[in-house]
DNA sequence: AACTTGGTTTCGATAGGTGAAACAGCTATT
DNA sequence: AATAGCTGTTTCACCTATCGAAACCAAGTT
């Protein structure tokens with residue numbers, strides 16, 4: 001599939017690191033189970049990761065968790081212009097007016113990734129783990145991220161062989177046009193049972209999309225009417241975000 | 001040195017990742033130079049890192065930079081109880097009252113690492129890159145981090161063979177006692193010419209130290225007298241932080 | 001046209017990573 | 001006390017996947 005020549009040992013080490021996006025604390029055996037690798041292989045790789053400071057182990061439980069080095073790398077990632085931090089205040093403000101969970105998504109290849117979220121304060125609410133990756137085929141934000149991508153990107157995405165066959169591409173394509181027209185997308189129990197969502201693109205200067213901002217919640221509360229009602233609220237937020245991103 | 005059996009390929013991959021803490025954008029040849037590895041080795045490892053999403057390459061310059069996966073990992077690092085975020089408001093408050101740069105340091109092995117910083121708003125100020133690593137032998141925060149470590153940790157640190165010979169251990173040990181007595185440490189042009197700093201430990205519940213909070217600035221402005229003056233300010237901040245950390 | 005400078009590919013030799021299995025240390029169960 | 005069961009750790013012989021030199025391209029420079 002991937003033509004590139006890669007290094008297996010390194011690949012495995014990175015896979016192990018990524019296990020920690022699913023669970024904060026992991027023991028050696030848990031990791032061997034998750035990765036399907038041999039126990040001693042994992043053992044050696046864990047030793048390397050620990051040695052380099054990417055993992056630390058809790059002195060009591062002996063379980064591993066992500067170490068300082070991750071933090072260090074993060075600190076050198078984007079930073080000042082990091083929308084995940086930059087937009088946070090605006091997202092909180094939106095959350096307070098609509099009283100539902102607000103999420104910010106980026107597109108990364110054929111997936112979207114939740115880079116920031118502030119949760120509704122209501123008892124019944126959508127919980128949204130950061131860093132979660134989801135397919136581009138379903139969900140309001142996915143459709144926004146595809147609809148406002150450049151034509152070339154769009155072609156690439158729709159040509160993706162891993163696209164689920166359950167999603168009718170023609171119908172999807174028509175939806176995209178509609179979304180471009182009205183400037184927002186909605187979804188009702190599309191990706192996740194019991195939740196619906198509205199999403200709006202966040203455009204940078206030169207009109208290129210940088211992210212999708214979404215409000216999501218339980219279907220009972222977030223009806224179609226309610227969503228249409230709050231679209232202007234979201235747009236206010238995104239337009240302010242766009243001003244921030246422009247400077 | 002390190003008795004543990006580690007995996008070389010993985011080690012190298014991680015080394016390459018860490019190069020990006022020094023420079024945000026790197027090309028293949030730059031990395032080969034920095035690491036001293038063979039060009040094709042680096043090439044393959046970069047392919048692996050890119051494949052796994054830890055690096056992305058800029059379509060124009062062809063240079064690599066850290067990718068989303070780093071963000072994803074970070075998002076799953078501590079988080080809720082992450083002092084780097086938790087203490088930020090308190091640090092800003094302190095910055096506003098003392099009008100100097102405020103930094104938060106953790107100890108990691110035989111180094112300290114700047115995990116958070118808010119900069120003085122004055123024109124002349126200490127700039128403080130996040131994630132920077134510094135030796136434990138010099139600097140106000142280093143001394144705090146050593147002085148308030150557990151006896152066992154302290155022994156380990158002082159026994160570190162890489163300890164610079166220029167630092168007199170006996171004198172250092174006496175300083176530590178003094179610091180424990182008075183509850184804070186100062187330094188004048190110790191690690192960095194032209195800057196001085198005051199530092200105070202942030203203790204968690206059960207009195208164990210979790211970090212060192214420091215105020216630093218140019219020697220002209222941050223005189224000994226001035227530092228003694230602001231010690232109570234810092235302590236107010238740390239005591240509030242301690243309450244936050246306790247819950 | 002010869003010479004850089006950067007990324008990419010090939011290929012044979014062998015370092016070194018791999019996995020099975022044994023070991024050790026601990027707790028729960030009999 | 002003996003047993004079983006679950007960790008993490010270490011050993012070792014095999015052989016594959018990794019490595020580095022060198023060749024190869026493709027763009028710029030001189």
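Protein chains in written order, with full-length UniProt numbering: chain G, 1 to 247; chain F, 1 to 247.
All C-beta atoms in this analysis are idealised placements derived from N, C-alpha and C, irrespective of residue type, glycine included.
Given a limit of 9 Å on CB to CB distance, which residues of the segment 40 to 66 of chain G reach chain F?
Within the segment 40 to 66 of chain G, the qualifying residues are 41, 43, 44, 45, 47, 48, 49, 50, 51, 52, 53, 54, 56, 65 and 66.
Specify the secondary structure class of residue 64 (chain G) as computed by DSSP and reduced to three states.
In the structure shown, residue 64 (chain G) sits in a strand (DSSP, three-state: E or B).
Candidates G:43, G:25 and G:148: which alpha carbon is nearest residue 308 (chain G)'s?
The structure shown has nothing for residue 308 (chain G), since chain G only spans 1 to 247.
For residue 161 (chain G), which option in G:137, G:145 and G:184 has the closest C-alpha, if you only look at C-alpha atoms?
If we check each option's Cα against that of residue 161 (chain G), G:137 comes out closest.
By how many angstroms is the C-alpha of residue 91 (chain G) removed from the C-alpha of residue 243 (chain G)?
Distance between the alpha carbons of residue 243 (chain G) and residue 91 (chain G) is about 14 Å.
With 8 Å set as the bound, which would you pick, yes or no: does the beta-carbon of residue 38 (chain G) sit closer than that to a beta-carbon of chain F?
So, not an interface residue.
Return no unless some Cβ of chain F is closer than 8 Å to the Cβ of residue 208 (chain G).
Chain F, which has no Cβ nearer than 8 Å to the Cβ of residue 208 (chain G), makes this no.
Might you give, ordered along the chain, the residues of its own chain that have their beta carbon closer than 7 Å to the beta carbon of residue 241 (chain G), omitting 5 neighbours on each side?
The answer, listed in chain order, is 87, 90 and 202.
Verify the CB distance criterion: does residue 21 (chain G) have a CB-CB separation below 8 Å to chain F?
So yes, residue 21 (chain G) belongs to the interface.
Where DSSP assigns a beta bridge to residue 105 (chain G), which residues make up the other side?
Residue 105 (chain G) pairs with G:114 and G:212.
Alpha carbon to alpha carbon, what distance is there between residue 233 (chain F) and residue 97 (chain F)?
Approximately 8 Å between the Cα atoms of the pair.
Using 8 Å as the limit for Cβ to Cβ distance, is residue 126 (chain G) near chain F?
Its pLDDT being 45, under 50, residue 126 (chain G) is placed unreliably by the model, and the measurement read from it follows with that caveat. Answer no: the Cβ-Cβ gap between residue 126 (chain G) and chain F never drops below 8 Å.
Alpha carbon to alpha carbon, how far is residue 168 (chain G) from residue 228 (chain G)? Give it in angstroms, no decimals.
The alpha-carbon atoms of residue 228 (chain G) and residue 168 (chain G) are separated by roughly 25 Å.
For residue 113 (chain F), decide whether its Cβ has a neighbour in chain G, counting only Cβ atoms nearer than 8 Å.
It does: the Cβ of residue 113 (chain F) has a partner Cβ on chain G nearer than 8 Å.
Taking all protein chains shown into account, decide if residue 61 (chain G) is buried (16 or more other Cβ within 10 angstroms of its Cβ) or exposed.
Residue 61 (chain G) should be labelled exposed.
Could you tell me which residues DSSP pairs with residue 203 (chain G) in its beta bridges?
G:209, per the DSSP bridge assignment.
Using a Cβ-Cβ distance under 8 Å, would residue 176 (chain F) count as near chain G?
With 8 Å as the cut-off, residue 176 (chain F) does not count as an interface residue toward chain G.
By the DSSP assignment, the alpha helix (DSSP H) with residue 151 (chain G) in it spans what residues?
Here the alpha helix (DSSP H) through residue 151 (chain G) covers 151 to 158.
Please check if any C-beta of chain G sits within less than 8 Å of the C-beta of residue 143 (chain F).
No, no contact with chain G.
Check this for me: beta carbons of residue 200 (chain F) and residue 213 (chain F), under 8 Å apart or not?
A contact, by the Cβ cut-off of 8 Å.
Hey, how far is the Cα of residue 68 (chain F) from the Cα of residue 93 (chain G)?
Whole-angstrom Cα-Cα distance: 26 Å.
So, is residue 10 (chain G) buried or exposed, given that buried needs 16 or more other C-beta atoms within 10 angstroms?
With 16 or more other Cβ atoms within 10 Å, it is buried.
Identify the contact partners of residue 95 (chain F) in chain G, using a Cβ-Cβ distance below 9 Å as the criterion.
Chain G residues near residue 95 (chain F): none, gap ~17 Å exceeds 9 Å.
Where does residue 187 (chain F) fall in DSSP's three states?
Looking at residue 187 (chain F) - three-state DSSP - the assignment turns out to be strand.
To the nearest angstrom, report how far apart residue 103 (chain F) and residue 156 (chain G) are at their CA atoms.
Computed Cα separation, rounded: 45 Å.
Tell me residue 26 (chain F)'s beta-bridge partners as DSSP assigns them.
Paired residues: F:64.
Can you tell me where the alpha helix (DSSP H) holding residue 89 (chain F) begins and where it ends?
From DSSP, the alpha helix (DSSP H) with residue 89 (chain F) extends over 88 to 98.
Could you round the C-beta distance between residue 255 (chain G) and residue 119 (chain G) to whole angstroms and report it? I think they count as a contact, below 8 Å.
In this structure chain G extends from 1 to 247, so residue 255 (chain G) is not present and cannot be described.
Within 8 Å (strictly less), CB to CB, does residue 24 (chain F) reach chain G?
Answer yes: the Cβ-Cβ gap between residue 24 (chain F) and chain G drops below 8 Å somewhere.
Taking 8 Å as the CB-CB cut-off, is residue 88 (chain F) touching chain G?
False, the Cβ-Cβ gap to chain G never drops below 8 Å.
Going by CA-CA distance only, name the one from F:7, F:245 and F:21 that's closest to residue 205 (chain F).
Ranking the options by Cα distance to residue 205 (chain F), first place goes to F:245.
Against chain G, with Cβ distances strictly below 8 Å, would residue 160 (chain F) count as a contact?
False, the Cβ-Cβ gap to chain G never drops below 8 Å.
Which residues does DSSP pair with residue 198 (chain F) in a beta bridge?
F:186 and F:215.
Between residue 179 (chain G) and the rest of its own chain, which residues show a CB-CB distance below 7 Å, the 5 nearest in sequence each way excluded?
The answer, listed in chain order, is 143, 144, 147 and 185.
Quick one: what's got a C-beta closer than 6 Å to residue 113 (chain F)'s C-beta in the same chain, skipping five residues either side?
Excluding sequence neighbours, residue 113 (chain F) sits near 106 and 133.
Whole angstroms is fine: what's the gap from residue 220 (chain G)'s alpha carbon to residue 190 (chain G)'s?
Rounded to whole angstroms, residue 220 (chain G) to residue 190 (chain G) spans 15 Å at the Cα level.
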